[in-house]
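So in our numbering, spot 3 of the sequence shown is number 8, and the numbers just go up one at a time.
What follows is a short report on a single structure.
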Amino acid sequence: MQRVYITRMISLDALEEIKKACHVSVNSKDAPVKRHELIKNMKDKDGVLCMLTDRIDKEVLDAAPDLKVISTMSVGFEHIDVDEATKRGIYVCNTPDVLTEATADLAFSLLLATARHIPQADSFVRAGAWKEPWSPSLFLGMPVWGATIGIIGLGRIGKAVAKRAAGFNMKILYNNRRRLSREEEKALGVRYASLKNLLKRSDFVTIHTPLTKDTYHIIDENALRLMKPHAILINTSRGNTIDEEALIKALKEKWIAGTGLDVFSKEPIEKDHPILSLENVVALPHIGSATGKTREMMADMAAKNLLMALKSKKPFHLVNPEAERYKRAWL
6 MQRVYITRMI
16 SLDALEEIKK
26 ACHVSVNSKD
36 APVKRHELIK
46 NMKDKDGVLC
56 MLTDRIDKEV
66 LDAAPDLKVI
76 STMSVGFEHI
86 DVDEATKRGI
96 YVCNTPDVLT
106 EATADLAFSL
116 LLATARHIPQ
126 ADSFVRAGAW
136 KEPWSPSLFL
146 GMPVWGATIG
156 IIGLGRIGKA
166 VAKRAAGFNM
176 KILYNNRRRL
186 SREEEKALGV
196 RYASLKNLLK
206 RSDFVTIHTP
216 LTKDTYHIID
226 ENALRLMKPH
236 AILINTSRGN
246 TIDEEALIKA
256 LKEKWIAGTG
266 LDVFSKEPIE
276 KDHPILSLEN
286 VVALPHIGSA
296 TGKTREMMAD
306 MAAKNLLMAL
316 KSKKPFHLVN
326 PEAERYKRAW
336 L
C-alpha cells in the first residue's frame, strides 16, 4: 500500500476513506506541524494532504523522493512551490468551489459588521458602558443598502459576493484580470472598472484575488489614497494583497473610514500588532471557510484528489497539469 502523510486532523469520513487505500500517518496535534517534523514525516511518503499553513518548498520536496501528489485542503496554493513540484512530475491539487458560499457569507458579514460597528457595539454593551436607553449619535455607521461596492477579483467567491450585494440593492463595480462577457456582466448586474476608478468610486472595496506577484500589495499607499474618506476595505483573500503599514497609516490619518480583515500578512497576528489597537478595525482569525459542512467538503475533496492521483488518474482539481510532461514511472 502507498504511504500518505496528513498534516492536520481532518474529518473522520475523509480520513477513513484514505485509510482504506493507504498507510496513513497523521499529525494529531491541534496545531500546524513543525517544519522539522514535516520534513521527517515526508521522507517515505507517496502523497501528502496538507494545509495552507504548511510550506511545501524545495527542501521538503528533496526529502520526499517518492512523492507523487500534494493535495492541499485550501483554494490557495501559494504555500506550495508549484514550479518545483511540476518539474518533478508531482501533482498539486486544491479544493475550489466547496468553500465559495461560506467565504462569500463571511466577507459580506464582515462588511456589515465593519459598516455598522457591530463588534464594538457588542463590547460596549458587555462592558456596562450603555447608560442611556437611546442616543441619536451612538455608533453611527455606514449605510450598506444602495451603496457602491467594488469587487477586486471576480472569480467564484467574487461572483458569490456580487450576488449578495445585489440583494442589498448595491451598485456593483468589479476589476478582474479578464473582463467578463457582456452577457455575464448583465446576468450578475456588475460593471467593469479600472482598478483606479473602482477605488475612487466605491463605498466598500472587497478583495477576492489569489496571491500572486501581480496582486502582492495590490492595495498600497497609492491605492488607499484613491479611496473615499468614508470607504471601508474588506479582505478575505490573502493578507499580503494589502500593504499593512500603508493601511495602518490610512486608518490613523482617516484616508478611509475602516477595514474588516479575516487575513493578515503574518498569521496568527501578534496581539500587540498596531492594527489591533485601532477602533476602526474588525479583525477575524482567518475563518472564511469555517463552517462544519464546508470543512467536511474540503477534506472530502482533498482526499478524493489525493486518491485519484495515487491511482494514476487525473484529480478533479489539478493546479499543474503541466506535471504530466514530467511524469515518472509511477504514472
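Even for Gly, the Cβ is constructed at its ideal location relative to N, Cα and C.
Bear in mind that the values here come from a model prediction, so they are computed numbers and not experimental data.
Whose C-alpha, out of the options, is nearest the C-alpha of residue i?
i    : options                   : result
Y337 : D35, I280, K63 and I44    : Residue 337 lies beyond the residue range present for the chain, which begins at 6 and ends at 336; the question has no answer from this structure.
E106 : Y179, G293, L312 and I237 : G293
V80  : R161, L143 and V65        : R161
M306 : K39, A36 and C55          : C55
A126 : I274, I85, K63 and G146   : G146
K39  : L323, R131 and V65        : V65
E21  : K318, R330, L312 and K332 : L312
A109 : I85, W135, P124 and A170  : A170
R37  : I15, A19, P124 and F269   : One point to set straight first is that residue 37 is Pro, not Arg, in the sequence displayed. Cα-wise, what sits closest to P37 is I15.
K233 : R243, E250 and R206       : R206
L159 : I85, A69 and E189         : E189
K298 : L252, R13, L17 and N202   : L17
I253 : I280, M6, N227 and H235   : I280
H235 : F129, T153, V53 and E250  : T153
R300 : D35, T100 and V53         : T100
Kindly indicate which three-state DSSP category residue i falls into: helix, strand or coil?
i    : result
V166 : helix
N310 : helix
G172 : helix
V74  : strand
V9   : strand
I44  : helix
I15  : coil
N57  : Rather than Asn, the amino acid found at residue 57 in this sequence is Leu. Coil at L57, not helix or strand.
V31  : strand
G52  : strand
L336 : Bear in mind that a pLDDT of 47 at L336, under 50, signals an unreliable position, so the model cannot answer this.
Who are the Cβ neighbours of residue i in its own chain at under 7 Å, not counting the five residues just before and after it?
i    : result
T220 : T214 and T246
A334 : Confidence at A334 is low in this model, with a pLDDT of 43, below 50, so its placement is unreliable and no value can be given for it.
N46  : Y10 and S30
K166 : Note that residue 166 corresponds to Val in the displayed sequence, not to Lys. Once the five neighbours on either side are set aside, the close Cβ partners of V166 are A109, A112, F113, I156, T211 and H213.
G94  : A328, Y331, K332 and R333
R230 : W260
K92  : Y331
L323 : Y96 and C98
D71  : D49, K50 and D51
I61  : C55, I75, H84, I85 and D86
K63  : D86 and E89
A304 : I15, S16, A19 and M78
L336 : Because L336 sits at a pLDDT of 47, beneath the cut-off of 50, its placement in the model cannot be relied upon, and the following sentence gives the value as read from the coordinates. Answer for L336: S317, listed in chain order.
F173 : V149 and W150
A120 : G146, M147, V149 and I237
Give me the Cα-Cα distance between residue i and residue j, rounded to the nearest whole angstrom.
i    : j    : result
S140 : V149 : 21 Å
K50  : R8   : 5 Å
L143 : E284 : 14 Å
E327 : R187 : 32 Å
K319 : V74  : 11 Å
L104 : M302 : 8 Å
P273 : P290 : 7 Å
R243 : F269 : 7 Å
A69  : S33  : 21 Å
H222 : K316 : 40 Å
L115 : R131 : 20 Å
I123 : L117 : 8 Å
D67  : A26  : 25 Å
V195 : N325 : 31 Å
G133 : K271 : 34 Å
E42  : S128 : 40 Å
S199 : D208 : 16 Å
M175 : A314 : 43 Å
L204 : A228 : 7 Å
A295 : E137 : 37 Å
K276 : A192 : 43 Å
Please list, in chain order, all residues of the same chain as residue i whose beta carbon is under 6 Å from its beta carbon, the five residues on each side excluded.
i    : result
E83  : L216
I224 : I247
G163 : I156 and H213
T12  : N32, V38, C55, M56 and D59
A308 : A19, E22 and I23
Using a Cβ-Cβ cutoff of less than 8 Å, which residues in the same chain neighbour residue i once the five nearest sequence positions on both sides are dropped?
i    : result
Y197 : L178, Y179, N180, N181, R184, L185 and E190
L256 : G263, T264, I280, L283, N285 and V286
K201 : L231
H28  : M6, Q7, R8 and V9
E226 : D248, A251, K254 and A255
### Task
Starting from the N-terminal side, write out each stretch of the beta strand (DSSP E) that is 3 residues or longer and does not extend beyond the segment 238-296.
263-266 and 286-288
### Query
Which residue spans inside the segment 88-166 form an unbroken alpha helix (DSSP H) run of at least 4?
105-120 and 123-131
#### Entry: Ranges of the beta strand (DSSP E) found wholly within the segment 185-248, counting only runs of at least 3
195-197, 209-212 and 237-240
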